[in-house]
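These notes concern the structure reproduced below.
Residue numbers (my numbering): 2 to 722.
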């Protein structure tokens with residue numbers, strides 16, 4: 002009993018753990034005409050080994066067979082094909098797919114297939130695409146009917162074509178009832194003198210499957226007269242003589258044949274309402290520069306080739322003083338996945354034609370300007386691959402109302418931005434103690450690679466923390482503050498776009514240790530103090546001039562010309578008398594000795610060997626002293642700070658010495674004057690010359706002297722004589 006129960010449990014577990022293959026679904030069958038009949042289905046997703054069996058009934062249900070395929074799972078391709086001669090057409094087939102693995106078998110639903118509905122043929126083969134002589138804007142396509150196509154069945158065709166420079170296909174569907182092997186089709190409505198690319202595919206009327214596309218074939222339509230021209234102008238400012246430069250530009254109108262060629266262009270222009278002054282020119286270029294006067298002109302241009310001329314393109318050149326109308330209020334540019342779209346808003350509903358002009362914004366004037374006419378719209382689209390990346394474009398829109406052109410509205414745009422090629426040129430200026438002015442130049446337009454959004458200043462003290470300041474793109478200098486005195490700094494300026502930024506070269510500068518203001522303040526204080534001191538000194542000098550003179554130029558007596566108050570020994574009397582005579586004649590001014598007193602301690606500071614001094618006095622110096630006495634015009638009393646001492650000697654002056662004194666009086670002085678001078682000397686006597694009391698402050702009793710200056714100078718004496 003227990004054994005039977007255990008066996009039952011094991012059998013149930015085996016069935017519960019069994020995994021059947023997935024049921025085949027999405028069965029699809031295709032009848033490749035006279036080649037094979039192939040069916041496919043969704044492959045099973047298990048990792049286990051699975052093999053498939055396809056059961057078919059054919060001949061309207063009278064026959065059946067099996068197609069085996071056990072490698073479908075491993076090859077990740079679930080399909081099976083039935084090959085001739087078991088393929089019959091027309092016929093109806095039933096298909097059922099059976100999947101089997103080690104755990105069991107599962108079958109798909111039964112599907113029914115009509116061979117006429119699932120027939121698929123090989124593509125047709127195009128062997129020529131040529132224009133027909135004399136028929137414009139048309140090409141004739143010739144191809145070969147598929148070899149395995151049903152002979153008795155009409156075929157449907159799809160023809161697709163495009164110009165050689167375009168990526169967009171256009172299609173034409175048609176049916177061929179005949180069973181000729183060579184088929185033809187005339188494709189009309191094309192552009193003249195244009196290369197087209199052609200491709201074909203086909204199927205039966207009943208089938209749902211198209212053949213593959215044939216190999217592409219190219220053909221060119223016939224040439225004809227030029228289609229037309231678009232005409233535009235660029236006006237320059239008037240020159241001194243009133244004339245202005247007008248650049249005329251033209252190109253093939255939109256929709257003109259791609260390969261259209263012109264042999265030349267005829268241009269004529271004339272002032273408005275004055276056709277008699279028409280000027281005619283011919284050129285092979287698509288641009289012409291004219292120097293026109295300031296009045297209104299009309300310009301006409303036609304292109305021509307061997308088949309004829311294009312319609313006339315006309316343009317009105319306004320006068321220099323004519324006012325243009327304005328109707329565009331706003332404009333913006335935006336980028337889509339692969340296009341640049343420019344939109345604008347107009348305040349004049351009557352304007353429905355616009356001229357869009359664009360050119361690169363470079364540092365030099367562009368050599369070419371592109372333009373395009375827009376009608377019945379207020380937007381313009383251009384593919385991004387038609388513009389250069391990293392280039393800034395100036396885009397202007399001109400409103401056109403009839404023959405008048407209004408004021409343009411302009412914007413700038415990039416199709417793709419990048420980081421600047423170089424950083425801005427930077428310099429440090431006005432370096433102070435704690436401040437510095439950083440200046441930089443704009444990056445050239447050709448190196449910006451985008452719109453400059455801001456500038457960032459990075460600066461760092463030596464072995465210090467880095468700081469940064471960000472300013473708007475319209476600022477080209479910035480004042481850094483709160484710097485450290487007498488410190489070296491390194492600095493860079495980064496210019497940024499939406500794609501990133503580029504740094505400038507690194508520059509270094511050092512702040513000052515003292516500012517000009519501080520120097521001026523200190524100089525002002527010192528100069529002000531000196532000025533106040535000078536003013537006080539002058540005021541004091543004006544108030545006490547003698548005191549100031551004594552302070553600035555003190556009188557220092559000559560010790561060599563002083564007298565010793567006391568002589569020792571009797572043998573010096575003659576020398577004393579000689580010294581007394583020398584003192585009388587050697588004075589620059591006529592001085593007279595008076596009693597005076599010197600400080601008692603002066604002898605400690607002044608020691609003079611009077612004996613040696615008297616021996617060195619020569620008689621020539623005595624004579625010079627006498628002459629100096631006669632030259633003095635006026636004598637004054639002068640008090641010496643140290644009065645000389647005269648020893649007591651005889652009041653009698655030897656007669657020889659008197660004669661000697663008189664004999665040394667210059668001869669230029671009159672006799673009367675000589676006698677007066679000599680009598681005055683005798684009357685005074687030696688007592689008057691040397692009298693005085695010893696100074697108690699001098700140890701050797703040196704006396705002071707007072708000199709009396711004569712009132713008359715020698716020149717006055719001469720005049721009196």
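All C-beta atoms, glycine included, are put in the ideal place defined by N, C-alpha and C.
Because the structure is a prediction, the values reported are computed rather than measured.
Assuming residue i contacts residue j under a Cβ cut-off of 8 Å, what Cβ separation, rounded to an integer in Å, is found between them?
{"i": "residue 492", "j": "residue 439", "result": "7 Å"}
{"i": "residue 458", "j": "residue 479", "result": "6 Å"}
{"i": "residue 450", "j": "residue 471", "result": "Not quite, the Cβ-Cβ distance comes to about 20 Å (not below 8 Å), so this is no contact."}
{"i": "residue 172", "j": "residue 161", "result": "5 Å"}
{"i": "residue 388", "j": "residue 416", "result": "5 Å"}
{"i": "residue 228", "j": "residue 254", "result": "6 Å"}
{"i": "residue 219", "j": "residue 186", "result": "The Cβ separation is near 16 Å, so there is no contact."}
{"i": "residue 154", "j": "residue 143", "result": "No, residue 154 and residue 143 are not in contact; Cβ-Cβ is about 21 Å, not under 8 Å."}
{"i": "residue 302", "j": "residue 266", "result": "6 Å"}
Please state if the CB of residue j and the CB of residue i are separated by a distance shorter than 8 Å.
{"i": "residue 261", "j": "residue 137", "result": "no"}
{"i": "residue 230", "j": "residue 311", "result": "yes"}
{"i": "residue 783", "j": "residue 413", "result": "Outside the displayed range of the chain (2 to 722) lies residue 783, so it cannot be described from this structure."}
{"i": "residue 426", "j": "residue 481", "result": "no"}
{"i": "residue 370", "j": "residue 250", "result": "yes"}
{"i": "residue 448", "j": "residue 423", "result": "yes"}
{"i": "residue 500", "j": "residue 418", "result": "yes"}
{"i": "residue 205", "j": "residue 164", "result": "no"}
{"i": "residue 514", "j": "residue 408", "result": "no"}
{"i": "residue 1", "j": "residue 107", "result": "What the structure shows of the chain is the stretch from 2 to 722, and residue 1 is not part of that stretch, so it cannot be assessed."}
{"i": "residue 400", "j": "residue 342", "result": "no"}
{"i": "residue 270", "j": "residue 233", "result": "no"}
{"i": "residue 192", "j": "residue 222", "result": "yes"}
{"i": "residue 149", "j": "residue 34", "result": "yes"}
{"i": "residue 243", "j": "residue 294", "result": "yes"}
{"i": "residue 127", "j": "residue 199", "result": "yes"}
{"i": "residue 372", "j": "residue 356", "result": "yes"}
{"i": "residue 524", "j": "residue 488", "result": "no"}
{"i": "residue 287", "j": "residue 252", "result": "yes"}
{"i": "residue 441", "j": "residue 402", "result": "no"}
{"i": "residue 359", "j": "residue 394", "result": "yes"}
What residue from the options has the CA that sits closest to residue i's CA?
{"i": "residue 21", "options": "82, 101, 32", "result": "101"}
{"i": "residue 145", "options": "408, 202, 164, 292", "result": "202"}
{"i": "residue 54", "options": "36, 33, 61, 83", "result": "83"}
{"i": "residue 320", "options": "406, 301, 288, 475", "result": "406"}
{"i": "residue 1", "options": "276, 295, 263", "result": "The requested residue 1 is not part of the displayed model; the chain covers only 2 to 722."}
{"i": "residue 235", "options": "397, 179, 508, 305", "result": "397"}
{"i": "residue 105", "options": "51, 114, 367, 317", "result": "51"}
{"i": "residue 26", "options": "68, 516, 307, 80", "result": "80"}
{"i": "residue 334", "options": "327, 346, 328, 323", "result": "346"}
{"i": "residue 214", "options": "542, 125, 309, 446", "result": "125"}
{"i": "residue 93", "options": "557, 60, 109", "result": "60"}
{"i": "residue 37", "options": "69, 67, 88, 43", "result": "88"}
{"i": "residue 383", "options": "350, 391, 344", "result": "344"}
{"i": "residue 152", "options": "135, 90, 170", "result": "90"}
{"i": "residue 29", "options": "109, 64, 86, 268", "result": "109"}
{"i": "residue 485", "options": "432, 526, 521, 502", "result": "432"}
{"i": "residue 337", "options": "207, 175, 386", "result": "386"}
From which residue to which residue does the alpha helix (DSSP H) around residue i run?
{"i": "residue 244", "result": "That residue, residue 244, is in no alpha helix (DSSP H); it is neither H nor E in DSSP."}
Taking the beta strand (DSSP E) that residue i belongs to, which residues open and close that run?
{"i": "residue 97", "result": "93 to 102"}
{"i": "residue 212", "result": "Residue 212 -> no beta strand (DSSP E), and no H or E assigned at all."}
{"i": "residue 408", "result": "It is not in any beta strand (DSSP E) - residue 408 carries neither H nor E in the DSSP assignment."}
{"i": "residue 392", "result": "Note, residue 392: premise wrong, no beta strand (DSSP E); not H, not E."}
{"i": "residue 218", "result": "218 to 221"}
{"i": "residue 234", "result": "230 to 236"}
{"i": "residue 204", "result": "196 to 205"}
{"i": "residue 22", "result": "Counting along the chain, residue 22 falls outside any beta strand (DSSP E), and DSSP gives it neither H nor E."}
{"i": "residue 33", "result": "29 to 33"}
Of all the CB atoms in chain B, is at least one closer than 8 Å to the CB of residue i?
{"i": "residue 208", "result": "Among the chains of the structure shown, chain B does not appear; only one protein chain is present."}
Beta strand (DSSP E) runs contained entirely in the segment 410 to 479, provided each spans 3 or more residues: If only uninterrupted beta strand (DSSP E) runs of at least 3 residues are considered, those enclosed by the segment 410 to 479 are 410 to 414, 427 to 430, 437 to 441, 455 to 462, 467 to 473.
Could you tell me which uninterrupted beta strand (DSSP E) segments, each at least 3 residues in length, are contained entirely in the segment 485 to 569, listed from first to last along the chain? Entirely contained in the segment 485 to 569, the beta strand (DSSP E) runs reaching 3 residues are, in chain order, 489 to 498, 501 to 504, 508 to 511.
What are the complete beta strand (DSSP E) segments, minimum 3 residues, inside the segment 98 to 168? Restricted to the segment 98 to 168, the beta strand (DSSP E) segments that are unbroken, complete and at least 3 residues in length are 105 to 108, 112 to 115, 126 to 131, 139 to 145, 156 to 164, listed in chain order.
Only counting runs of 3 or more residues, tell me where the beta strand (DSSP E) segments fall wholly within the segment 310 to 385, in order along the chain. Along the segment 310 to 385, the beta strand (DSSP E) occurs as fully enclosed runs of 3 or more residues at 314 to 318, 329 to 336, 340 to 347, 354 to 361, 371 to 376, 380 to 384, listed in sequence order.
Which residue spans inside the segment 251 to 294 form an unbroken beta strand (DSSP E) run of at least 3? Counting only runs of 3+ residues, the beta strand (DSSP E) found wholly inside the segment 251 to 294 occupies 265 to 272, 280 to 284, 288 to 293, in chain order.
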